[in-house]
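**Student:** Residues in the sequence shown are numbered from 331 upward in steps of one, following our numbering.
C-beta: ideal position from N, C-alpha, C; glycine also.
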Amino acid sequence: MSERKRIYLDNSATTMVAKEVVEKMLPYYTERYGNPSSLHSFGGEVKEDFKKAREILAESINAAPAEIIMTSGGSESNNLAIKGVAYSYKKKGNHIITSKIEHPSVLRTCEALEKEGFKVTYLGVDKEGFVSLEELEKAIGKNTILVSIMHANNEVGTIQDLDSIGELCRKRKVLLHSDTVQSYTKVPLDVKKTSIDLISMNSHKIHGPKGVGALYVRQGVKLKRLIDGGGQERRMRAGTENVPGVIGFAKAVELARPEHITEMARLRDKLIEGILREVPKTRLNGPKENRLCNNANISFSYIEGEALLAKLDMDGIAVSSGSACSALTLEPSHVLMALRLPREALAAPLRFSLSRYTSESEVDYTIERVKKAVSELRRISPLK
Ligand SMILES: *Cc1c(COP(=O)(O)O)cnc(C)c1O
Numbered sequence: 331m332s333e334r335k336r337i338y339l340d341n342s343a344t345t346m347v348a349k350e351v352v353e354k355m356l357p358y359y360t361e362r363y364g365n366p367s368s369l370h371s372f373g374g375e376v377k378e379d380f381k382k383a384r385e386i387l388a389e390s391i392n393a394a395p396a397e398i399i400m401t402s403g404g405s406e407s408n409n410l411a412i413k414g415v416a417y418s419y420k421k422k423g424n425h426i427i428t429s430k431i432e433h434p435s436v437l438r439t440c441e442a443l444e445k446e447g448f449k450v451t452y453l454g455v456d457k458e459g460f461v462s463l464e465e466l467e468k469a470i471g472k473n474t475i476l477v478s479i480m481h482a483n484n485e486v487g488t489i490q491d492l493d494s495i496g497e498l499c500r501k502r503k504v505l506l507h508s509d510t511v512q513s514y515t516k517v518p519l520d521v522k523k524t525s526i527d528l529i530s531m532n533s534h535k536i537h538g539p540k541g542v543g544a545l546y547v548r549q550g551v552k553l554k555r556l557i558d559g560g561g562q563e564r565r566m567r568a569g570t571e572n573v574p575g576v577i578g579f580a581k582a583v584e585l586a587r588p589e590h591i592t593e594m595a596r597l598r599d600k601l602i603e604g605i606l607r608e609v610p611k612t613r614l615n616g617p618k619e620n621r622l623c624n625n626a627n628i629s630f631s632y633i634e635g636e637a638l639l640a641k642l643d644m645d646g647i648a649v650s651s652g653s654a655c656s657a658l659t660l661e662p663s664h665v666l667m668a669l670r671l672p673r674e675a676l677a678a679p680l681r682f683s684l685s686r687y688t689s690e691s692e693v694d695y696t697i698e699r700v701k702k703a704v705s706e707l708r709r710i711s712p713l714k
């Protein structure tokens, strides 16, 4: 029996852990399993390695190691950034500004704060998913303490202009947080060049292990911790360090190369152009310029997204309809709703997200199978 072809194009949901990352992590489960807080040699050797990993993460955004707090992932980093600032600065003000296209770990956090009396403005975006600087400026008031705008959107790949947003926030003396989970290692960010105060990152979207993340907190920014206990992470986040996870995360960061970005963007364009050319009645969602190098989001008229997803899955091709978090609700995603797409585009949007392991032949095969699947579904579709 020939082995079934399997093509993974859902790298915005999670990624394969790189072999080098697994190899780097393994000794920290078996031989170097000490607790970094212990005073004996088992603790000491691990403490050194853990310190190095933190340095690698800090260096990746040109920050100081003391400005990095390790967390359990992007969701925790977003919670800690937003709630941490809200609780620390509530005497100064109770207003937070975010956008309508944020990840649920930002949106639900803001909603939770609203129930506690904070006021939140959810900025709309234009048809390509960009936040308007003028609208942001208008929304900032004397009670505003925090702006939280994601760097790159996980569904349609829009990359926001963080430099300009940061400049505005600095001028108006409000803190800026950004969820950079999708852009991390794909869109360079330097905290010495961009005026930004808090940055959420995670490991499992960049070929590292799941359940590991980090939060950059600019020196001087106050943050109320969410997890009380021991004195780890400069008392900002209690709990025995996830040593293997953090070591693996740092290795994943080291493995990321600028060449990967160019190659992913080339294959992304090939995929987008191929599908739009070969399949009639399709449209690209999200921006043409300033688009994440691995994101293609395409709507197919007259069919249902779930049906197409299932058909491609039978061909061994894994893609996503909307985002993983809304895949169970069958409602149009909040991101596509915010883009105010025409009705037919909301029916069958599929997200293809590439990785540096995606090959040209996989892209070619995907175009061919999408063409076939769509034409079969349209033949039997009651929607046309
Ligand atoms: C995946 C993702 C998160 C959540 O990260 P976890 O590590 O899975 O908690 C947050 N924001 C964005 C934009 C994401 O894509």
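1. Would you tell me roughly how many angstroms separate the C-alpha atoms of Ser716 and Arg384, rounded to the nearest one?
2. Tell me which residues share the same chain as Asp645 and place their Cβ nearer than 6 Å to its Cβ, disregarding the 5 neighbours each side in the sequence.
3. Once you ignore the five residues that flank Ala580 on each side, which residues in its own chain have a CB closer than 7 Å to its CB?
4. How many angstroms separate the CA atom of Thr344 from the CA atom of Lys413?
5. Please list the terminal residues of the continuous alpha helix (DSSP H) segment that includes Ala595.
6. Using 10 angstroms around the beta-carbon of Glu378, count the other beta-carbons present and answer buried if the total reaches 16, otherwise exposed.
7. When we look at the beta-carbon of Glu361 and count the other beta-carbons within 10 Å, is it buried (16 or more) or exposed?
8. Let's test the definition: count the other Cβ atoms within 10 Å of the Cβ of Ser530 and tell me whether it reaches 16, buried, or not, exposed.
9. Between which two residues does the beta strand (DSSP E) holding Lys449 run?
10. Would you mind reading off the limits of the alpha helix (DSSP H) that contains Tyr359?
11. Taking just the CA atoms, how far does Leu492 sit from Glu458?
12. Anyone know if the C-beta pair for Ser418 and Lys552 falls short of 7 Å?
13. Please state whether DSSP places Ala388 in a helix, a strand or coil.
14. Going by beta carbon distance, what residues of the same chain come within less than 7 Å of Ile391, once the five residues before and after it are set aside?
15. Among the residues of its own chain, which have a CB less than 8 Å from the CB of Gly403, if the five just before and after it don't count?
16. Which of the three DSSP states, helix, strand or coil, is assigned to Pro574?
17. Determine the extent of the alpha helix (DSSP H) in which Met644 is found, giving its start and end residues.
18. Rounded to whole angstroms, what's the CA-CA distance from Ala678 to Gly374? Just pull it up for me.
19. Classify Lys335: buried if its beta carbon has 16 or more other beta carbons within 10 angstroms, exposed otherwise.
20. Could you give the DSSP three-state label for Cys655: helix, strand or coil?
**Tutor:** A quick look at the data gives this:
1. A query on residue 716 cannot be resolved here, the shown segment of the chain reaching from 331 to 714 and no further.
2. Here residue 645 refers to the residue found at position 315 of the sequence shown. Closer than 6 Å at the Cβ level, and outside the excluded window around Asp645, lie Arg699.
3. In the sequence shown, counting from the first residue as 1, residue 580 sits at position 250. These residues qualify, in order along the chain: Ala383, Ile386, Leu387.
4. Stepping through the sequence shown from its first residue, residue 344 is reached at position 14. Stepping through the sequence shown from its first residue, residue 413 is reached at position 83. Going by the C-alpha atoms only, they are around 25 Å apart.
5. Numbered from 1 along the sequence shown, position 265 holds the residue referred to as residue 595. Counting along the chain, the alpha helix (DSSP H) containing Ala595 begins and ends at 588-608.
6. As a working mapping, residue 378 is identified with position 48 in the sequence shown. So Glu378 counts as exposed.
7. The sequence position of residue 361 within the sequence shown is 31, counting from 1. The residue in question, Glu361, is exposed, as its Cβ has fewer than 16 Cβ neighbours within 10 Å.
8. In the sequence shown, residue 530 corresponds to position 200, counting from 1. Ser530 sits buried, since 16 or more C-beta atoms from the chains shown fall within 10 Å of its C-beta.
9. Walking along the sequence shown from the start, residue 449 turns up at place 119. Residues 449-453.
10. Taking the first residue of the sequence shown as 1, we reach residue 359 at position 29. Start and end: 357-360.
11. Along the sequence shown, one-based indexing puts residue 458 at 128. Along the sequence shown, one-based indexing puts residue 492 at 162. For Glu458 and Leu492, the distance between alpha carbons rounds to 16 Å.
12. Your numbering for residue 418 matches position 88 in the sequence shown. Your numbering for residue 552 matches position 222 in the sequence shown. Yes, these two residues count as a Cβ contact at 7 Å.
13. Along the sequence shown, one-based indexing puts residue 388 at 58. Ala388 falls in the helix class under three-state DSSP.
14. Within the sequence shown, the letter at position 61 stands for residue 391. For Ile391, where only same-chain residues beyond five positions count, the Cβ hits under 7 Å are Leu519, Asp520, Val521, Ile529, Tyr546.
15. What you label residue 403 is simply residue 73 of the sequence shown in a count that begins at 1. Excluding positions up to five away in sequence, the list reads Asn532, Ser533, His534, Lys540, Gly541, Val542, Gly543.
16. Reading the sequence shown from its first residue, position 244 is the one you call residue 574. Three-state result, Pro574: helix.
17. Position 314 of the sequence shown, counted from the first residue, corresponds to residue 644. Counting along the chain, the alpha helix (DSSP H) containing Met644 begins and ends at 635-644.
18. As a working note, residue 678 is residue 348 in the sequence shown. As a working note, residue 374 is residue 44 in the sequence shown. Between Ala678 and Gly374, the C-alpha separation is close to 54 Å.
19. Residue mapping note: residue 335 aligns to position 5 of the sequence shown, counting from 1. The C-beta of Lys335 has fewer than 16 other C-beta atoms within 10 Å across all chains shown, which makes the residue exposed.
20. For the purposes of this step, residue 655 is identified with residue 325 of the sequence shown, where counting begins at 1. Here the model assigns Cys655 a pLDDT of 49, short of 50, so the residue's position is not dependable and the matter cannot be decided.
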